[in-house]
Every structure is written in structure tokens, then in C-alpha cells.
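Quick note on the working numbering: the sequence shown kicks off at 43 and runs consecutively. Virtual Cβ for every residue (Gly too), placed ideally from N, Cα, C. Notes follow once the structure below has been shown.
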Amino acid sequence: MPRKQQPSSDPRLQARRVVKALKGLYPDAECALDHNGPFQLLAATILSAQCTDVRVNLVTPGLFARFPDARAMAEADRAEVEELIRSTGFFRAKAKNLQAMAARLVQEHGGEVPRDLDLLTACAGVGRKTANVVLGTAYGLATGVVVDTHVKRLAVRLGLTTRKTPEQIEADLMAIVPRSEWVALSHRLIHHGRQLCLARKPRCSRCPLEPICPKIGVKSWE
Numbered sequence: 043m044p045r046k047q048q049p050s051s052d053p054r055l056q057a058r059r060v061v062k063a064l065k066g067l068y069p070d071a072e073c074a075l076d077h078n079g080p081f082q083l084l085a086a087t088i089l090s091a092q093c094t095d096v097r098v099n100l101v102t103p104g105l106f107a108r109f110p111d112a113r114a115m116a117e118a119d120r121a122e123v124e125e126l127i128r129s130t131g132f133f134r135a136k137a138k139n140l141q142a143m144a145a146r147l148v149q150e151h152g153g154e155v156p157r158d159l160d161l162l163t164a165c166a167g168v169g170r171k172t173a174n175v176v177l178g179t180a181y182g183l184a185t186g187v188v189v190d191t192h193v194k195r196l197a198v199r200l201g202l203t204t205r206k207t208p209e210q211i212e213a214d215l216m217a218i219v220p221r222s223e224w225v226a227l228s229h230r231l232i233h234h235g236r237q238l239c240l241a242r243k244p245r246c247s248r249c250p251l252e253p254i255c256p257k258i259g260v261k262s263w264e
């Protein structure tokens, strides 16, 4: 009888097992933000700060109907942008960042979203996580691993890192996961975090990853 698989203390072996299991569970996982093209994805990702993707997807159809590209957003009336995105929270700061980002794209990149991490993070409201989302999803460029709240939680629970900050966790994941898997891994961890590995009470009894999961930091589960 084959030996039951257990969590591994070797981070690289554990990462291989997690990547394989998630790939089987979510083979077609994609970015949850609705968008049409790189600019709209960039804008939606900026709006997703401190806000759920579900809420952003409710807001962006109206926003993009009015301001579908960088030039339109840059020239928009600020008050109208604020009103359209109000329900995402921090709407004044987000509207300011959206318009500053759009203006920079128009002035320096012909209205296009650059395929470069440094150029993207030079835009208002764009940090490394946002840039990685856009470059990975819109352009298929693996510049890093997106570490949101779900990825941060699951990376620790699954024994892929012991560190705390998104920057540290990203560095650890980049070191043990093949670059070809970086983009898909983030999508799959996010899907898993929403469906099974919940923050307060994960559904471990239903989880296909349970045999290889050390449940680090988990106090109770279903």
C-alpha cells in the first residue's frame, strides 16, 4: 500500500506538492477582476485596495462605460470619478490616483500600460503587487508573485514560508516555486482561500490539500 503523503519540511518539495495539487483543483483559475485590456485591469486593481473584488466588479462597468481608456480617465471630471467609485472606499484618494496614473500613461507611454515593473510602479497608486497583477494577467509576464491577504494566509498555513510581510513572503515563494508557475499560483491560492481555506474557519475536512497541509496557525477548522 502506498504511503500516505504528509507535509514536507523541505520548502521546495512542499512547494512542488502544493503547486501540483492546486493545478489539479483549479486548472483554469483566472484573475477575478472583470476587465477589458491592461488599462482597465490596472484601474480595477487600484480600486481593489481595501475592497473586495466583488464590489469592484459591481463598480467598474459604469466607470469604464464613461472612461474606458487612459486619456478619457485623465480628462474626466474628478467629482464624477469619485461618485462612480464611492462604494469601493477611500474613493477620493483612489480617484486621484486613477487620474494621475492615467495622465502619466498618456504623457509618457502613449496611453498604453508599459510592460515593465519599474515603469508601472512609478505610476500613482501602483505598488509591486498591483504591477505584478497587471503584468502577469494582461501580458503573461512573471515578474513576481502576487501576495494579497489570501496568498499571505495560505502560504503560511501550507508551510511555504514562516515570514510575515508581503515582500518577504513573495521573496520566499519566488525562491521555491518555478517562475513558470508564479502567475497561476497566485490565482489558484486566491481561489482556494475564498472557497475552502477561509480565514476564520477553514474547511479542512473538504480540502484535497489536507493531507499535505501542516495547518500552521490554524486553531480550529471544519
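Let me confirm a value: R45 is counted as buried when at least 16 other C-beta atoms fall within 10 Å, else exposed. Which label applies? Here R45 scores only 47 on pLDDT, less than 50, and its place in the model should not be relied on; the value that follows carries that caveat. Exposed, because fewer than 16 other Cβ atoms sit within 10 Å of the Cβ of R45.
Segment contact flag, the region 214-231 with the region 246-261, C-beta cutoff 8 Å, min 3 pairs: Not touching, per the Cβ criterion.
For H229 and Q47, what's the separation of their Cα atoms in angstroms? When rounded, the distance between both Cα atoms is 25 Å.
Closer than 7 Å: is that where the CB of A142 sits relative to any heavy atom of the ligand NAD? Ligands are entirely absent from the displayed structure, and the ligand NAD is therefore not among its contents.
Assign E122 to buried or exposed, taking buried as 16 or more other Cβ atoms, counted over all protein chains shown, within 10 Å of its Cβ. Around the beta carbon of E122, fewer than 16 other beta carbons sit within 10 angstroms, so the residue counts as exposed.
Candidates I88, V225, V98, of which the one nearest A142 by Cα: Of the candidates I88, V225, V98, the one whose C-alpha sits nearest the C-alpha of A142 is I88.
Roughly how many angstroms lie between the CA atoms of A144 and R128, to the nearest whole one? Approximately 19 Å between the Cα atoms of the pair.
When the distance is taken between beta carbons, is T130 closer than 8 Å to K136? In terms of Cβ geometry, K136 and T130 form a close pair [threshold 8 Å].
Three-state secondary structure (DSSP) at P44? Residue placement at P44 cannot be trusted, given a pLDDT of 39 that sits under 50; the coordinates are not used to answer.
Considering only the alpha carbon of each residue, which of R157, L126, A107 lies closest to R97? When only C-alpha atoms are compared, the closest one is L126.
My parser needs the alpha helix (DSSP H) runs of 4 or more residues fully inside the region 181-259; what are they? Taking only runs of at least 4 residues, the alpha helix (DSSP H) segments lying wholly in the region 181-259 are 191-199, 208-218, 224-237.
Around the Cβ of S222, are there at least 16 other Cβ atoms within 10 angstroms (buried) or fewer (exposed)? Exposed, by the Cβ-count rule.
Find out if the Cβ-Cβ distance for the pair A114, H233 is shorter than 8 Å. Between A114 and H233, the C-beta spacing is not below 8 Å.
Helix, strand or coil: which one does DSSP assign to P53? DSSP places P53 in helix when its eight states are reduced to three.
Chain-order list of residues whose beta-carbon lies under 8 Å from that of P57 (same chain, five-residue window excluded): With the sequence shown as reference, residue 57 is identified as Ala, and Pro is not the correct amino acid for it. Once the five neighbours on either side are set aside, the close Cβ partners of A57 are L202, L215, I218, V219.
Could you pull the start and end residues of the alpha helix (DSSP H) that R128 belongs to? Judged by DSSP secondary structure, R128 falls outside any alpha helix (DSSP H); it is assigned neither H nor E.
Start and end of the alpha helix (DSSP H) containing K261? Element bounds for K261: n/a, residue is neither H nor E.
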